[in-house]
Structure formats: structure tokens, C-alpha cells
Amino acid sequence: MSTPVSLEQQHRISQFYYREARLLDERLYQQWLALLSDDVLYTIPARHTPMLDPSLRETEALLNLQQETGSGLAPPLRDDSKLTLGIRVMRAYKMNSWSDNPPARTRRFVSNIEAYVVDGGFEVYSNLLLYYSRYGQDNHLYSGRRHDRLRETADGLQIAAREVLLDTNVVTGPSVGLFF
Amino acid sequence: MDSLLQPLVSADGSHVSRRVFRDPSIYRLEQQRIFARSWLYVAHESQLHRPGDFLANFMGETPVIVARGDDGQIHVSINSCSHRGVPVCRADQGNARRFVCPYHNWSYTVDGRLVAVPQEKKVCQTLDKDKLGLKKVPRVESYNGLVFASLDPAIESLESYLGDMRFYLDCMFDRYPGGVEVIGTAHKWQLRGNWKLPVENQLGDVGHGPFLHGSLLKNTPQVEELERYGLNVVPKPGHGVAVRLLPESAPAAQCMWGTDGIAAFDPEVQAYLLERQQAVAARLGDVRARLKPLTYSIYPNFSYLWGNNTIRVSHPRGPDAVEYWSWWVVDADAPEHIKQKLRVNYTFFFGPGGVLEQEDAEAWSQQVIGNAIEAADDVPYYYGLGLGEAKPHPEIPGMIGSCYDEHYARAFYMRWQQDIGAGKTGAAP
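Residue numbers (my numbering), protein chains in the order written: chain A, 1 to 180; chain B, 1001 to 1429.
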């Protein structure tokens, strides 16, 4: 993760993310799904409040983020594949997917894009703020950090892996079954 | 008519007032007369293996610490310092020797005994620390690894409280020699809604399945099986189980646990589950070997989804808010990679990111709008579907109705009315 991207690569990756955000905000989920590789791993870890380890006091390790997200078999909030993401997309366009009908108004803000050159593509961190407004005055905000693996393909960039680290202990929005 | 004079729940349970879901004074009574007097689920034993293992939970609105002490026993203490009330456990789960209150650093063992008061040596008096421990929750009992606690010292035993619910709980929690284990921490989310609606959902409301979840479940073999073999069971008023009782001719692959999600599409998982099913009849008997529960609730706020392997608790947070906690449960003896593959049966369908639960959350939160309509207080909610149809069954205990019979909810609200009205102890009516 040591080779930073060039200015041109940074620009290309930023444009890719902005387009991705626009597709999602315009509810074009089928077009969004095409941006994901067939072997995509899409996860949202569950984030809890651990007991800090006193033997690590006065070191940065005391506050490391990994201890908040569980390990091994601990279930994440989301553990999606292309198949399950495809079911989520298919569901969204059905008349009886009641939490998406009427659909929410959303706005995704992508920032802090930090990218590195890796074998076959890029490793990228970005921040996401998602404003989510349902029918009536039912408004919510989701904040998180995305850690992606972007793959270079003949058709352009594809998302091969995405981990969304949400910044909450107790989820306060109605669902995290959304596309972050 | 003055709505305050109307009964909250009609005599046969088929009408329930909107105020039951809205009124702050009724909500306070629920805390005093239901949550302080019932057995409440607090942990699974698999989460507390070693002395010092603890988790933070709630009993209704009361924050508690559930921990295995040095004596090897599970203790439940109220998470509030005896000095100024500040919570002393500030983590969700872990292992600790002491909890130290941030305010004045009084420190406690994980099972709530006060062991150090830093100011003590600067004053002349010697404190009686034995009397200054965290307030203990007086009753803690387990059934098949499920740990319940009660704030009522005089409550009946947990076994008696559960009654015939045990017959159905065993279908999962005593299905395998190693039992089940809970892996990871609770998934928690705050929802708009009254705490009773998520409970109703798992108490027996499979009637919403093909409709609220129609986008995924309509015209599926699962719904066909449910409508053909599904039964709503009230093992004891307040508790409920929705089951599928398959005929003796049903093949083992249809009767086995683990097929309600998508994990069993994997041939290796399918083969494992089938092998596990072979020993079930010897443990649970022939009838329960072909009994497939679907949803469970134990009065007042514990639920379990057999199909999607999740324990959940509906924590009340005011009349209009729920903090819903959800844990993943799996066959403890399964190899790691099988557990890994089974996990999607939970994560894809339930929990805060679950594709089914997102629809449930929509219904629960929208009900708040209806609850608030005082102009319609003369029109209580209708709970009469299947009224008078439930009856005993030759093979399984409790009162049994069809899968769309709402007797589970009528029994729950009649018990609720009795507890709220009479303010009696947690004993079942």
C-alpha cells in the first residue's frame, strides 16, 4: 500500500466514485450493479464498544479500530455477494418492496479519497455521508468510511471489494440494507 | 364516548386500543408491572465461558451487567454506581477483573461487589463495602443455555414461567448434543415503533410474511409449505410459536434445521444438515423431528427466529421507540467453515441490514402514525382473525390455531391487560 496514485489516476478514481454516487442517488441500481465485479465482496462490519486492554495503555494500539469490528465468525451487519446484491437490486424495483416504495430521496457525498496502486488496480479509502429522506419527515444521516479494492478491467474500473465502516454503535437509521 | 373509559383490551382479546401503543402513562405502568415482574432474557451461556466474561444488556430500560463471577456462577447487577449512579461498565462485551466508575473511581468486581473506594483512606470512617455493591438482580435462571433474570424476587421458577414453551425451545436449543452458541456481539438498532410490535411479529404473525415481504416471498415453496403445514401455537398465554408440523411421510431434507435461508443451496451445507437431522428423533422424539418452528416469542420481549438463526430482544425506549438487539445463533458443533456458510441465513435476511427486516422496520415505524390518531380512539385495532378456532392438538402441546389465526396476539394482550390492570406478580394468569 505504499505507491500513491498519480494525479491522473486520482482524477479517474474520483470521477468513478462521483458517477457511482450519482447512479445510486438517481436510483439506477442496475447500472450501479454493473460497476461491481462478479466476485465482489461487500461487507459492513458490526461495530461494538470493546473493553480497552490496559496492557496497551499509552500506545496507539489501545484505540485501534479493529477491536471494534469483531473477528472470525462474528457476524457483520452485511455480508453480500454479487448474488445477494443482485437480489437487493431486483427487490428495489418491485411494487411491494414497501421500504422502497415510495422510494427515499438520497444524496451521497464522497470525500477524502486516498488511493494506492496495487497489483491489478487500486486500493482506495473514501468517506461517505449519505442523507436518506423517506416519505414525510423521516430523515436520516449515515456516516462511514469505505475501503475498496478497485480492479482494472477492459471495461474500465470495477469494484472488487468494499468494506463500509459505519460510525455508529447503535444503528439509528431504519435500515443498513442500503447501497453505501 | 370518553376513550379513557374504554377497556384497553376487549374481554376476548380481539380489540386492542391504540392507547396501548401510545400513552406515556401506560408505558410507565408497563415498566413497573411487566418489565419489573417478568423473566427477561439477558444472555446466552456461550457468551460467558470464563470468570470475568461479561456483557452489558438492558432489562426493559434498566441497564444491567451480566457476568460470570469467580464463583463460576452468572450474576446480573444493575449498571449504576452506588455512590452517584454513573454506569460503571462502559463496554458492550468482554472480559474484565474490575469495573471502575469514572466519576470517583469506586471499583467493583464483575459480579458487582464493591472492592475499592479511593477516598476511603482519607476519611475517618470505614465503609461497609458489603452493603455498597451494585444492586443485584435477585433472580437468575437458565434454560438450555438461555439465561433469564427477574427483578421480582418472588417470581415463579423460570421452568414454570416457560411452561410448555420448553417443548418448542428444545427444538433448537436442545437439538444437538453441543447445543447452540451465540457468536459475536449484539447488532443493535433504534427504530421508531412500540416495543410490542416486534414481539408480535415473532409471536406468531406469520400472516404478514407473504404480503409485507411479498417482494421476496410471494409464490415461494416456503409460503406454500407454511400455508399447508403451518400452525400457530400458544403454549401458555403470552408466549407463542409459529411452527410447521410436517407429515410422517416428509423426507428428512424437508424436516431439517437450516433450510429457511439460502445457505443450504450449498451442497456441502445441505449434506451436513442432513447428517445432523439423523440424530434428532433420538433426542427429541418422532414428532419434534418433523416439527419445524419458524418464530418464537417469550413474554414479554424475547424472540427467536428458528429459520434465520437469531435471538432478539425488543428493548422499550418510550412509547414510540425500540432499541432492537439481535444475535446470531448457530449449531455449536458445526465445523468452522459450515458455520461461516450458515451465517448468511442471518445476515442477508435479518438484523439491521436484513432484506426481510427492512420491510418489518417500515411497518413497525409507520404504525406510530396510526397509534397517534386520537380521533380514531373509538376504533380499536382488530385482532379477531380466527377468533374461537384454536384448540388442543393430538401431537403437540398448547392451544393450536391455523397459521393466520391471531390467537397468539389475543392471548398476549389479555395477559398484558391483566398484568397492567391488576399489577399482579409475573405469574401467568
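The C-beta atom is built at its ideal place from N, Cα and C for all residues, glycine as well. Treat the numbers as computed from the prediction; the structure is a model and nothing was measured.
C-alpha distance - residue i paired with residue j, whole-angstrom precision
{"i": "residue 138 of chain A", "j": "residue 1362 of chain B", "result": "11 Å"}
{"i": "residue 23 of chain A", "j": "residue 121 of chain A", "result": "22 Å"}
{"i": "residue 10 of chain A", "j": "residue 91 of chain A", "result": "34 Å"}
{"i": "residue 155 of chain A", "j": "residue 112 of chain A", "result": "25 Å"}
{"i": "residue 1281 of chain B", "j": "residue 149 of chain A", "result": "48 Å"}
{"i": "residue 1297 of chain B", "j": "residue 59 of chain A", "result": "46 Å"}
{"i": "residue 170 of chain A", "j": "residue 66 of chain A", "result": "17 Å"}
{"i": "residue 1408 of chain B", "j": "residue 1118 of chain B", "result": "54 Å"}
{"i": "residue 1146 of chain B", "j": "residue 1403 of chain B", "result": "27 Å"}
{"i": "residue 174 of chain A", "j": "residue 163 of chain A", "result": "20 Å"}
{"i": "residue 1053 of chain B", "j": "residue 51 of chain A", "result": "11 Å"}
{"i": "residue 145 of chain A", "j": "residue 1086 of chain B", "result": "32 Å"}
{"i": "residue 1393 of chain B", "j": "residue 1279 of chain B", "result": "25 Å"}
{"i": "residue 1316 of chain B", "j": "residue 1284 of chain B", "result": "35 Å"}
{"i": "residue 1141 of chain B", "j": "residue 1114 of chain B", "result": "24 Å"}
{"i": "residue 55 of chain A", "j": "residue 63 of chain A", "result": "12 Å"}
{"i": "residue 1364 of chain B", "j": "residue 1194 of chain B", "result": "7 Å"}
{"i": "residue 1389 of chain B", "j": "residue 132 of chain A", "result": "45 Å"}
{"i": "residue 1399 of chain B", "j": "residue 1218 of chain B", "result": "28 Å"}
{"i": "residue 1143 of chain B", "j": "residue 1150 of chain B", "result": "14 Å"}
Amino acids of chain A, ordered along the chain, whose beta-carbon sits closer than 9 Å to that of residue i
{"i": "residue 1289 of chain B", "result": "The premise fails here: residue 1289 of chain B is roughly 28 Å from chain A at the closest Cβ pair, so nothing lies under 9 Å."}
{"i": "residue 1092 of chain B", "result": "48, 49, 50, 51 and 169"}
8 Å Cβ cutoff, residue i in contact with chain B
{"i": "residue 84 of chain A", "result": "yes"}
{"i": "residue 176 of chain A", "result": "yes"}
{"i": "residue 35 of chain A", "result": "no"}
{"i": "residue 87 of chain A", "result": "yes"}
{"i": "residue 121 of chain A", "result": "no"}
As assigned by DSSP and simplified to three states, the class of residue i
{"i": "residue 1325 of chain B", "result": "strand"}
{"i": "residue 1068 of chain B", "result": "strand"}
{"i": "residue 1416 of chain B", "result": "helix"}
{"i": "residue 959 of chain B", "result": "Since the first and last residues shown for chain B are 1001 and 1429, residue 959 of chain B lies out of range."}
{"i": "residue 1262 of chain B", "result": "coil"}
{"i": "residue 1378 of chain B", "result": "coil"}
{"i": "residue 1306 of chain B", "result": "coil"}
{"i": "residue 1113 of chain B", "result": "coil"}
{"i": "residue 1364 of chain B", "result": "helix"}
{"i": "residue 1100 of chain B", "result": "strand"}
{"i": "residue 1292 of chain B", "result": "strand"}
{"i": "residue 150 of chain A", "result": "strand"}
{"i": "residue 51 of chain A", "result": "coil"}
{"i": "residue 1194 of chain B", "result": "coil"}
{"i": "residue 86 of chain A", "result": "helix"}
{"i": "residue 1025 of chain B", "result": "helix"}
{"i": "residue 13 of chain A", "result": "helix"}
{"i": "residue 1030 of chain B", "result": "helix"}
{"i": "residue 36 of chain A", "result": "strand"}
Chain-ordered chain A contacts of residue i [CB-CB under 7 Å]
{"i": "residue 1066 of chain B", "result": "Per Cβ cutoff of 7 Å: no residues; residue 1066 of chain B is ~14 Å from chain A at best."}
{"i": "residue 1351 of chain B", "result": "77"}
{"i": "residue 1212 of chain B", "result": "98"}
{"i": "residue 1395 of chain B", "result": "Within chain A, no residue comes near residue 1395 of chain B; the closest Cβ sits about 35 Å away, beyond 7 Å."}
Interface flag, residue i vs chain A, CB-CB below 8 Å
{"i": "residue 1295 of chain B", "result": "no"}
{"i": "residue 1358 of chain B", "result": "yes"}
{"i": "residue 1354 of chain B", "result": "yes"}
{"i": "residue 1187 of chain B", "result": "yes"}
{"i": "residue 1167 of chain B", "result": "no"}
{"i": "residue 1106 of chain B", "result": "no"}
{"i": "residue 1224 of chain B", "result": "no"}
{"i": "residue 1191 of chain B", "result": "yes"}
{"i": "residue 1129 of chain B", "result": "no"}
{"i": "residue 1002 of chain B", "result": "Per-residue confidence for residue 1002 of chain B stands at a pLDDT of 49, beneath the threshold of 50, marking its modelled position as unreliable; no derived number is given."}
{"i": "residue 1022 of chain B", "result": "no"}
{"i": "residue 1341 of chain B", "result": "no"}
{"i": "residue 1361 of chain B", "result": "yes"}
Listed by chain order, chain A residues near residue i by CB distance under 8 Å
{"i": "residue 1365 of chain B", "result": "138 and 174"}
{"i": "residue 1347 of chain B", "result": "75, 76, 77, 78 and 79"}
Where residue i meets chain B, residues with beta-carbon distance less than 9 Å
{"i": "residue 91 of chain A", "result": "1215, 1216 and 1355"}
{"i": "residue 74 of chain A", "result": "1183, 1184, 1185 and 1328"}
Under 8 Å from the C-beta of residue i: neighbouring residues of chain B
{"i": "residue 44 of chain A", "result": "1353"}
{"i": "residue 70 of chain A", "result": "1184 and 1185"}
Notebook entry, point to check: Looking at C-beta atoms only, is the number of pairs between the segment 1162-1172 of chain B and the segment 1285-1294 of chain B that lie closer than 8 Å three or more?
Noted result: Judged by Cβ distances under 8 Å, the segment 1162-1172 of chain B makes contact with the segment 1285-1294 of chain B, as three or more pairs qualify.
Check: Touching or not, the segment 1374-1385 of chain B and the segment 1337-1348 of chain B, by the rule of three or more beta carbon pairs under 8 Å?
Finding: Taking one beta carbon from each stretch, the segment 1374-1385 of chain B and the segment 1337-1348 of chain B have fewer than 3 pairs nearer than 8 Å; the two do not touch.
Notebook entry, point to check: Can you find at least 3 beta carbon pairs, one from the segment 1197-1212 of chain B and one from the segment 1123-1136 of chain B, that sit closer than 8 Å?
Noted result: Put simply, the segment 1197-1212 of chain B does not touch the segment 1123-1136 of chain B. Fewer than three CB pairs are less than 8 Å apart.
Next item on the list: Evaluate contact between the segment 1169-1183 of chain B and the segment 1043-1053 of chain B, counting only Cβ atoms and requiring at least three cross-stretch pairs below 8 Å.
Entry: Judged by Cβ distances under 8 Å, the segment 1169-1183 of chain B makes contact with the segment 1043-1053 of chain B, as three or more pairs qualify.
Check: How about the segment 1343-1359 of chain B and the segment 1301-1310 of chain B: do they share at least three Cβ pairs that are nearer than 8 Å?
Finding: With a cut-off of 8 Å, the segment 1301-1310 of chain B and the segment 1343-1359 of chain B count as touching, because enough Cβ pairs lie within range.
Note to self: With three or more beta-carbon pairs closer than 8 Å as the criterion, would you say the segment 1415-1423 of chain B touches the segment 1245-1253 of chain B?
What the structure shows: No: fewer than three Cβ pairs fall under 8 Å.
Checklist line | Segment contact, 8 Å Cβ cut-off, at least three pairs: the segment 1070-1077 of chain B with the segment 1324-1338 of chain B | finding: Below 8 Å, too few C-beta pairs join the segment 1070-1077 of chain B and the segment 1324-1338 of chain B to call them touching: fewer than three.
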